[in-house]
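A short worksheet on the structure shown next.
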Amino acid sequence: MRAQFNVPSTILVGAGTSQQLGAQATRLGGRRALLVTDATMVATGLAKSCVEQLTSANIATTVFSNVQPDPTDTNVRDGLALLRRDDCDLVVGVGGGSPMDAAKVIAVAATNDAPIREFAGYHRIPRAGLPLILIPTTAGTGSEVTKAAVITDTEREVKMMMLDGHLLASVALVDFELSLSMPASLTAHVGVDTFTHGLEAYVSRKANALTDPLAEQCVRLTAANLHTAWTEPGNRTAREAMMLAACVGGMAFANSSVCLVHGMSRPIGAIFHPAHGLSNALLLPEITRWSLRGAVSRYAHVARIINAATGDATDEAASAALPGYLERLNASLGIGRLREFIKADFNVFESKLAAMAEAALASGSPQNNPVVPTAEEIVELYRKVW
Ligand SMILES: NC(=O)c1ccc[n+]([C@@H]2O[C@H](COP(=O)([O-])OP(=O)(O)OC[C@H]3O[C@@H](n4cnc5c(N)ncnc54)[C@H](O)[C@@H]3O)[C@@H](O)[C@H]2O)c1
Ligand SMILES: [Fe+2]
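Under our numbering, the first residue of the sequence shown is numbered -18, with each subsequent residue one higher.
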């Protein structure tokens, strides 16, 4: 086996760990921080409490709170301008995957002169970025522990996938208490995203002995806790388990790979703008059904550990139970069909499919799928999930 495994060198997990922001920023030697966040975090007061912590640690802080869901190149440029104006030497990202990804790319854009479009792809960022602290509030993308970032190129309507060790946080503060405020639909969407990270990491052609246990833990925790977190938003045990699932799922997929679900999901997001987790969820059952034959025993193993199949089921029977399980999971979380969630009719959708299939393949993710699709097969799969 040959594998490369990158995670942040410091990960603090548990209730209240976000209170370590000031201490960790001091440890990193920050004098002036750029806090990258969004409007919700300002409204809930979390941004203010981060500023207070940093101020108490004698770290002056500039707040950039204009990150939009599915962050864009424009968001990165605007944040970078503030960072340069105030000469910040530390970046803190607080929020869901969107502010965290924007923070990651701002931190490397500060030290690399190339246009960010050139960072898209694998290991394309020449120099390390500024020290970076990430604090997730969704459970979640796992972005706080991944070396990946997704930024929309607004001119080309493409979600650029960047994967590079320089995108890793120096410190991740993984505090499930920050996720207690998630509304039900967000809990569902980010939770199925988490499950997808675990499943895709496990069946990926790049799965390895370091990522397998993390991927297994991710799907196990998600299957056992997502529905409870959705029905009982104040359930601390379920929220804690989901935050852990997101964190280990992030470590797994970033060091294995996501596959066809994520590959096909990004073009839907770039053009029609359903939330990232939702568009994954809408694809997950059908893409899994199509991919089963490429990794029967791996899908069967997942089906057994999430109790979608009994321990004594054959690999064929256990793996075949998975798509139906995923359809029922979606239904139990109020997630229906793609056509219900995008504001376009079928003709518009159809007219974009060739370009979407091309963008999916260009991202590199489908090539790690147990069965590698052609562009025509991707178009056909898009039609099926509509
Ligand atoms: N870098 C990675 O490894 C990675 C992995 C998966 C997804 N992503 C990216 O992450 C982005 C999606 O992130 P996300 O799904 O976490 O959502 P998000 O960050 O886009 O947030 C969605 C909405 O939920 C709100 N929100 C966040 N936390 C909340 C809370 N605790 N309570 C109430 N509201 C809250 C936000 O303000 C926003 O309005 C996408 O751009 C996706 O491509 C990145
Ligand atoms: Fe994802």
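Just so it is clear, CB atoms sit at the ideal spot from N, CA and C, and this is done for glycine as well. Just so it is clear, the structure is predicted and the values come from calculations on it, not from any experiment.
Counterpart residues of residue 75 in DSSP-defined beta bridges: Paired residue(s): 116.
In the structure shown, what three-state DSSP assignment does residue -18 receive? Residue -18: coil per DSSP, three-state reduction.
Do you know offhand how far residue 41's Cα is from residue 7's? Straight-line spacing of the CA atoms in residue 41 and residue 7 works out to 12 Å.
If we ignore side chains and look at the alpha-carbon of each, how far apart do residue 167 and residue 50 end up? Near 12 Å, if we compare the C-alpha coordinates of residue 50 and residue 167.
Name the DSSP beta bridge partners of residue 298, please? Beta-bridge pairing links residue 298 to no other residue.
Exposed unless 16 or more other CB atoms sit within 10 angstroms - verdict on residue 236: It is buried - the Cβ of residue 236 has at least 16 other Cβ atoms within 10 Å.
So, helix, strand or coil for residue 345, using DSSP? If DSSP states are grouped into helix, strand and coil, residue 345 belongs with coil.
Starting from residue 306, follow its DSSP beta bridges and name the residues at the other end. Residue pairing by DSSP places residue 306 in no beta bridge whatsoever.
Residue 17 - partner residues in DSSP beta bridges: The beta-bridge partner set that DSSP reports for residue 17 consists of 45 and 74.
Counting beta carbon pairs with one atom in the segment 13 to 20 and one in the segment 64 to 78, are three or more of them shorter than 8 Å? Below 8 Å, enough C-beta pairs join the segment 64 to 78 and the segment 13 to 20 to call them touching: three or more.
Could you give the residue range of the alpha helix (DSSP H) that holds residue 383? Only positions -18 to 367 of the chain appear in the structure, and residue 383 is not among them; the question remains open.
Let me confirm a value: residue 295 is counted as buried when at least 16 other C-beta atoms fall within 10 Å, else exposed. Which label applies? Exposed.
Kindly indicate the opening and closing residues of the alpha helix (DSSP H) around residue 196. Its alpha helix (DSSP H) spans residues 193 to 212.
Reduced DSSP secondary structure (H/G/I, E/B, other) of residue 317: Secondary structure at residue 317: coil, using DSSP grouped into helix, strand and coil.
Could you check whether residue 130 and residue 86 sit closer than 8 Å to each other, using their CB atoms as the reference points? With contacts defined as CB atoms closer than 8 Å, residue 86 and residue 130 qualify as a contacting pair.
Could you tell me whether the Cβ atoms of residue 89 and residue 106 are closer together than 8 Å? Inclusion of residue 89 and residue 106 in the CB contact set at 8 Å is warranted, their separation being smaller than that value.
For residue 70, which residues of its own chain have a beta-carbon under 7 Å away from its beta-carbon, when the five flanking residues on both sides are left out? The answer, listed in chain order, is 11, 12, 13 and 111.
Between the beta-carbon of residue 265 and the beta-carbon of residue 192, is there less than 8 Å? With a cutoff of 8 Å on beta-carbon distance, residue 265 and residue 192 are scored as not near each other.
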